[in-house]
Every structure is written in C-alpha cells, then in structure tokens.
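Novice: Could you have a look at this structure, given as structure tokens, before my questions?
What follows is the structure, given as structure tokens:
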C-alpha cells in the first residue's frame, strides 16, 4: 500500500492489485503520525514567503519564462549542450522535464523557489541532453556543474510543497501574505 501527501490532492492511498480494503484503516492508523506530520506541512507557514508574492499567476509565468530562459542559456553554454524551446506550465508532479528533442518544460511555481534551487532544476534538465536517464553518469554531470546539488535537491523535496500553497489569484492567498 502506498500513502502519499500531495499539494493538490491531499492524502492519496494507492493499493496494490489484490489488496483487501479491510486492511486500509489499520495501516492508516499505524501511519497516523506520519500522515498528520506531512499534512501539517501543507498548511501555511506565516512569514515563509515574501510579502511581494501577491501578483497574479500570469505575472509569475512571465517572470519564470524570462528568468528560466536567461539561466538556461547560461547553464547550456557552461555545460556545452543545446536545447529547443522552453515552455512554462503547471506540471502537477514535476518541476521540470526534458524531451528527447531537447525541449524543456518548467513548472511556473519554481520561480517562487530560491535561485540556487532553480539552477539545480535547470542543470538537472540540461544534464538529460547528455544522459536520458538518472544513471551515475547523469548525476556525475549534475555534480560537476553544481557540486552542492544535493542540498538544493533536498530543499525542493522538503519545501517544494510550500510552492503549491500559492494559487496566484489574490493578495492574502500566499502563505504569510
């Protein structure tokens, strides 16, 4: 049985084929502490985001397009790779992706993350231009360009859910706003 907490769906339980529904309440009870902890992480943390995060989503998308394009050009040159087009969208499960053709997709919410975290995602996606997998060679490429990438990857894993708290609709909609 898989239990996950997502910013958009909350508690999600996935059962393997053949699993009895009768086992679910017992397992959820056993994991209640973990569930409460992770659900509480989705709650707004006052002061966590700067007050300027009150612009509409379209403004963030425009800023993301400008900034991600600039940083992607910078990193592509340093890494000696090329890329196709850059698309800014709301990806429900990814911060970025790279197609075989070299087209890059970035989640607009990533613009709310610290710049070193954004650079990590960009370098990660550009590394796929050399390695279309997550092999040791792929991670070596990421590490060669961002030696402290693990810290930024960890930040995204531990704090990425907070980027989903902002809906981009109105002031006061932002955690702490």
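In the working numbering, the protein residues as written are 1 to 177. Where a beta carbon is used, it is the ideal one built from N, C-alpha and C, also for glycine.
Three or more beta-carbon pairs under 8 Å between the stretch 139-150 and the stretch 91-108, yes or no?
Specialist: Taking 8 Å as the limit for Cβ pairs, the verdict is that the stretch 91-108 does not touch the stretch 139-150.
Novice: Check whether the Cβ atoms of residue 126 and residue 79 sit closer than 8 Å, and answer yes or no.
Specialist: Result yes, Cβ atoms of residue 126 and residue 79 sit closer than 8 Å.
Novice: Do you know how far the Cα of residue 32 is from the Cα of residue 26?
Specialist: In a straight line, the C-alpha of residue 26 is about 10 Å away from that of residue 32.
Novice: What's the C-alpha gap between residue 76 and residue 135?
Specialist: When rounded, the distance between both Cα atoms is 20 Å.
Novice: Check the DSSP bridge columns for residue 106 and list the partner residues they point to.
Specialist: Its beta-bridge partners are 88 and 96.
Novice: Please state whether DSSP places residue 27 in a helix, a strand or coil.
Specialist: Looking at residue 27 - three-state DSSP - the assignment turns out to be helix.
Novice: What did DSSP end up calling residue 82 once you bin it into helix, strand or coil?
Specialist: Coil at residue 82, not helix or strand.
Novice: Between the alpha carbons of residue 67 and residue 1, how many angstroms are there, rounded?
Specialist: If I take the Cα positions, the gap works out to 40 Å.
Novice: Using the Cα positions of residue 34 and residue 16, report the straight-line distance between them to the nearest angstrom.
Specialist: Distance between the alpha carbons of residue 34 and residue 16: 20 Å.
Novice: I need the DSSP call for residue 2, collapsed to helix, strand or coil.
Specialist: Strand.
Novice: Drop a sphere of 10 angstroms on the beta-carbon of residue 58, count the other beta-carbons inside from all chains shown, and report buried for 16 or more, exposed for fewer.
Specialist: Its Cβ having fewer than 16 others within 10 Å, residue 58 is exposed.
Novice: What does a CB cutoff of less than 6 Å around residue 109 pick up in its chain, not counting 5 residues either side in sequence?
Specialist: Closer than 6 Å at Cβ, skipping near neighbours: 163.
Novice: What number of angstroms, rounded off, separates the C-alpha of residue 22 from the C-alpha of residue 4?
Specialist: Roughly 19 Å between the two C-alpha positions.
Novice: Do you know whose CA, among 156, 111, 96 and 160, lies nearest residue 178's CA?
Specialist: Lying outside 1 to 177, the shown extent of the chain, residue 178 is not represented and no answer is given.
Novice: Would you call residue 113 buried or exposed, if buried means 16 or more other Cβ atoms sit within 10 Å of its Cβ?
Specialist: Flag for residue 113 reads buried.
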